[in-house]
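One structure is given here, and the rest of the page talks about it.
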Amino acid sequence: MDTLPNGLTVWHFEDHSVPVVAVNTGRRRSRRREGGAPGFAHLFDT
Numbered sequence: 031m032d033t034l035p036n037g038l039t040v041w042h043f044e045d046h047s048v049p050v051v052a053v054n055t056g057r058r059r060s061r062r063r064e065g066g067a068p069g070f071a072h073l074f075d076t
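The numbering of the sequence shown is this note's numbering, which starts it at 31 and goes up by one.
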């Protein structure tokens, strides 16, 4: 588990027996509790 400078917690598990990459996302707070912080949707902004 790693925590990035922006507070995002990243869990990574490696299993080299299969050539597969899977990505799952989740969140701990709702829109009402963000207090001016960028929302979850901003994770995917380009």
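For each residue, glycine too, the CB sits at the ideal point set by N, CA and C. The structure presented is a predicted model; accordingly, all values stated were derived computationally and were not measured.
Check: Reduced DSSP category for residue 48 - H, G, I as helix; E, B as strand; rest coil; Outcome: coil
Check: Beta-bridge partners of residue 39, as assigned by DSSP; Outcome: 33
Check: Straight-line gap, residue 52 to residue 41 (C-alpha atoms, nearest Å); Outcome: 12 Å
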